[in-house]
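Colleague:
Number of protein chains: 2
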Amino acid sequence: MSMNQAFKALSDPTRRKILDLLREKDRTAGEIAEHFQMTKPSISHHLNLLKQAEMVFDERKGQNIYYSLNTTVFQDLLKWFIQFHSKEEQ
Amino acid sequence: MSMNQAFKALSDPTRRKILDLLREKDRTAGEIAEHFQMTKPSISHHLNLLKQAEMVFDERKGQNIYYSLNTTVFQDLLKWFIQFHSKEEQ
DNA sequence: TAGTTATTTTGATAAATTTCTAAATATCTA
DNA sequence: TAGATATTTAGAAATTTATCAAAATAACTA
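So the sequence lines, in the order shown, correspond to chains A and B.
For the first sequence, position 55 (counting from the first letter as 1) is numbered 55 according to our numbering, and the numbering increases by one without interruption.
For the second sequence, position 73 (counting from the first letter as 1) is numbered 73 according to our numbering, and the numbering increases by one without interruption.
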């Protein structure tokens, strides 16, 4: 169920760039938005989709909301990809 | 460029199921369509997207067109995922 | 060559997605 | 408590996507 959402989440370049940013370090919604030309509400929407797909965590600290990677879903995705890789090696 | 198309291609459950079918063996467009409730034109459309994303090959043999996996793009996708996995292990 | 089978292409429609602006919510600070 | 800052939510417009029915293309067969 969540695998489907995860694949959907990855289909957008903005969201993949967000994930790449979070790979470096945890960041606030505002810090993330600074890296895009898009408005903050649009980035907030993308962050929400990533959250629903269980690919990121969010945690409020005062006025800021920090986002961080949740790598558990990546494990499942990785397994899916390794299947295809292993086929090639037959 | 093609990575973006590949992620898009993977975002649809029908297309992922097609890839799974092709993982077992090469199949004709008709054989693939049999596994779905959808019409053949719809499946043909999905096959075309997978082809544009360079995830499948197609080859006509008489009246049939055989589809098979092209695993080269999967390698690139796999690398992308391994990045996140490696982050977790830090 | 006429008919049949396999598949794709075209054109249309409905649903989903992306993006924006404006408004709402939450928190901090003077 | 009033104002400022950070972020999200709501509602709307534009674009993209998924799907179908009908028509077109390609190859085989009698």
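Glycine included, each C-beta is placed from N, C-alpha and C at the ideal position.
Looking at the secondary structure, which residues open and close the alpha helix (DSSP H) in which Lys51 (chain B) lies?
Modeller: For the purposes of this step, residue 51 (chain B) is identified with residue 51 of the second sequence, where counting begins at 1. Start and end: 40 to 52.
Colleague: Could you say which of A:Pro13, A:Val56, A:Ala53, A:Gln63 lies nearest to His35 (chain A) if we only look at CA atoms?
Modeller: Within the first sequence, residue 35 (chain A) is the residue found at index 35, counting from 1. Ranking the options by Cα distance to His35 (chain A), first place goes to A:Pro13.
Colleague: Could you tell me which chain B residues have their CB closer than 8 Å to the CB of Lys17 (chain A), listed as they occur along the chain?
Modeller: The count along the first sequence starts at 1 and reaches residue 17 (chain A) at position 17. Residues of chain B passing the Cβ test: none, with the nearest at roughly 11 Å.
Colleague: Using the rule of at least 16 other Cβ atoms within 10 Å of the residue's Cβ for burial, across every protein chain shown, is Met55 (chain A) buried or exposed?
Modeller: The residue labelled residue 55 (chain A) in the question sits at position 55 within the first sequence. With 16 or more other Cβ atoms within 10 Å, it is buried.
Colleague: Kindly indicate if chain B contains any beta-carbon less than 8 Å away from that of Lys40 (chain A).
Modeller: Position 40 of the first sequence, counting from 1, holds the residue named residue 40 (chain A). Closer than 8 Å: no.
Colleague: So for Asn4 (chain B), helix, strand or coil by DSSP?
Modeller: Within the second sequence, numbered from 1, the residue matching residue 4 (chain B) stands at position 4. Three-state DSSP puts Asn4 (chain B) in a helix.
Colleague: Below 9 Å between beta carbons is the criterion; list the residues of the region 60 to 87 of chain A that meet it against any residue of chain B, in chain order.
Modeller: Residues of the region 60 to 87 of chain A that bring their beta carbon within less than 9 Å of a beta carbon in chain B comprise Leu69, Thr71, Thr72, Phe74, Gln75, Leu77, Leu78, Trp80, Phe81, Ile82, Gln83, Phe84, His85, Lys87, in sequence order.
Colleague: Is it the case that the Cβ atoms of Leu10 (chain A) and Arg16 (chain A) are separated by a distance below 8 Å?
Modeller: The residue given as residue 10 (chain A) occupies position 10 in the first sequence. The residue given as residue 16 (chain A) occupies position 16 in the first sequence. Contact flag set, yes.
Colleague: Within a Cβ cutoff of 8 Å, which residues of the same chain sit near Phe7 (chain B), ignoring the five residues on either side of it in sequence?
Modeller: By one-based count along the second sequence, residue 7 (chain B) stands at place 7. Here the set comprises Leu77.
Colleague: Using the Cα positions of Leu47 (chain A) and Leu69 (chain A), report the straight-line distance between them to the nearest angstrom.
Modeller: Stepping through the first sequence from its first residue, residue 47 (chain A) is reached at position 47. Stepping through the first sequence from its first residue, residue 69 (chain A) is reached at position 69. If you take the alpha carbons of Leu47 (chain A) and Leu69 (chain A), they lie about 11 Å apart.
Colleague: Per DSSP, Ser68 (chain A) forms a beta bridge with which residues?
Modeller: The count along the first sequence starts at 1 and reaches residue 68 (chain A) at position 68. Paired residue(s): A:Phe57.
Colleague: Identify the continuous alpha helix (DSSP H) that holds Lys17 (chain A) and give its terminal residues.
Modeller: Numbered from 1 along the first sequence, position 17 holds the residue referred to as residue 17 (chain A). It spans 13 to 24 - the alpha helix (DSSP H) in which Lys17 (chain A) sits, taken as one unbroken run.
Colleague: Measure the alpha-carbon distance for Leu19 (chain A) versus Pro41 (chain A) and round it to whole angstroms.
Modeller: Within the first sequence, the letter at position 19 stands for residue 19 (chain A). Within the first sequence, the letter at position 41 stands for residue 41 (chain A). In a straight line, the C-alpha of Leu19 (chain A) is about 17 Å away from that of Pro41 (chain A).
Colleague: Can you check whether the CB of Phe74 (chain A) is closer than 8 Å to the CB of Phe74 (chain B)?
Modeller: Here residue 74 (chain B) corresponds to residue number 74 of the second sequence, with the count starting at 1. Here residue 74 (chain A) corresponds to residue number 74 of the first sequence, with the count starting at 1. No, the Cβ-Cβ distance between Phe74 (chain B) and Phe74 (chain A) is not below 8 Å.
Colleague: For a contact meaning CB atoms closer than 8 Å, what does Leu10 (chain B) contact in chain A?
Modeller: For the purposes of this step, residue 10 (chain B) is taken as residue 10 along the second sequence, with counting starting at 1. Result: Phe7, Leu10, Ser11.
Colleague: Of all Cβ atoms in chain B, is any one closer than 8 Å to the Cβ of Arg23 (chain A)?
Modeller: For the purposes of this step, residue 23 (chain A) is taken as the residue at position 23 of the first sequence. Chain B contact via Cβ: present.
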